[in-house]
Every structure is written in C-alpha cells, then in structure tokens.
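3 is the number of the first residue of the sequence shown in this note's numbering; add one for each residue after it. What follows is a set of notes on a single structure, which appears directly below.
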Amino acid sequence: MFKIPVSVLVVIHTADLQVLLIERADAPGLWQSVTGSQEAGESLRETAIREVAEETGLDARSFVLTDWNTRNQFEIFPRWRHRYAPGVTHNSEHVFSLKLPAPQKVVLADCEHLNQVWLPVDAAADKCFSWSNTAAIRRLPVLATPEMSHS
C-alpha cells in the first residue's frame with residue numbers, strides 16, 4: 003500500500019522552548035521532529051496524535067496540541083519516493099506543535115529512530131535536515147505563546 007502524500011510535522015517542545023529531535027533509523031545523522039503520513043479516513047489532528055504516539059510513546063491528547071494552520075508543499079526526496087504511488091513527487095505537510103511541561107525521555111520506535119535529544123530552539127533548528135522543520139522550529143518562539151488557540 004502506498005503512502006498518502008499528505009503528512010504532519012509535530013514540533014514537540016517545552017514552555018521554555020526546549021525542542022525534542024529524533025534521529026532517523028533509515029538515515030543516520032538526519033534529525034527531525036515527529037513526522038508522518040496521513041492514513042485514509044484520518045483528520046490531520048488524528049494523524050498528529052497517532053504519529054506522536056508511534057514515534058515517541060507520548061499521548062498528545064494529554065498535552066497542548068496546536069494546529070498552526072500552516073502547510074508546506076515540497077518535493078519528496080528521491081530516496082523515499084518508492085513509498086508513494088508511481089508519479090507522486092510532492093507532499094503537503096501540515097505543521098503542529100505539542101507543548102510539554104518539561105523535557106521527557108520518550109520511547110522511540112526501534113524501526114524508525116535511533117536517538118533523541120532535547121535542545122534549545124536555535125540549536126534544534128540548526129540540527130534539522132529538513133528546511134520545513136527548521137522553519138517551524140525558528141517560528142516556535144513567536145507561535146508558541148500562551149495566547150495561541152488550542153485547536
């Protein structure tokens with residue numbers, strides 16, 4: 003079964019803007035926030051909740067999950083295109099954040115990620131391999147304010 007070319011990016015962070023990054027198992031050295039493709043019949047919020055649980059063991063419903071109403075369109079890296087239907091070359095990524103009270107050790111999915119690290123915003127942004135992930139982390143200090151809606 004092919005992946006749907008619609009995904010979520012969930013930037014997990016604390017109130018003092020420590021950001022969780024996880025290292026990809028299929029590409030050691032590449033660090034990112036939680037990401038994953040939407041499954042048939044899921045809302046984007048449901049996708050975000052499922053992906054956070056699968057990749058970190060955290061229940062996003064227990065924290066503040068915010069839809070940034072931001073969509074990034076990008077070309078799928080050639081190394082991962084085989085996961086999509088023939089001819090699919092672009093993905094639509096929807097950005098969320100998940101605010102935790104403090105850094106937590108998470109339970110990584112062995113087949114997906116090798117390591118985890120909590121970093122300050124600037125260091126986390128610099129460590130990400132994806133331009134859209136870097137951009138989201140750099141926007142975190144502005145968008146992750148107490149006044150944000152909890153949609």
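Where a beta carbon is used, it is the ideal one built from N, C-alpha and C, also for glycine.
For secondary structure counted as the alpha helix (DSSP H) over 4 or more consecutive residues, the region 36 to 117 holds these complete runs in sequence order: 46 to 58. In the three-state reduction of the DSSP assignment, Pro143 falls in the helix class, which pools H, G and I. With contact defined as three or more Cβ pairs closer than 8 Å, the region 113 to 124 and the region 12 to 21 are in contact. Take the alpha-carbon of Pro30 and the one of Phe131: they are about 11 Å apart. In terms of CA proximity to Val36, Val109 leads the group Gly89, Asp124, Pro80 and Val109. With distances taken between CA atoms, Ser94 lies nearest to Val10 out of Val10, Phe4 and Met3. Nearest C-alpha to Glu114 among Ser99, Ala126, Thr58 and Arg52: Thr58.
Ser9 sits in a strand when the DSSP states are folded into three classes. By DSSP's assignment, Pro122 forms a beta bridge with Gln20. Here Trp33 is bridged, per DSSP, to Glu25 and Cys130.
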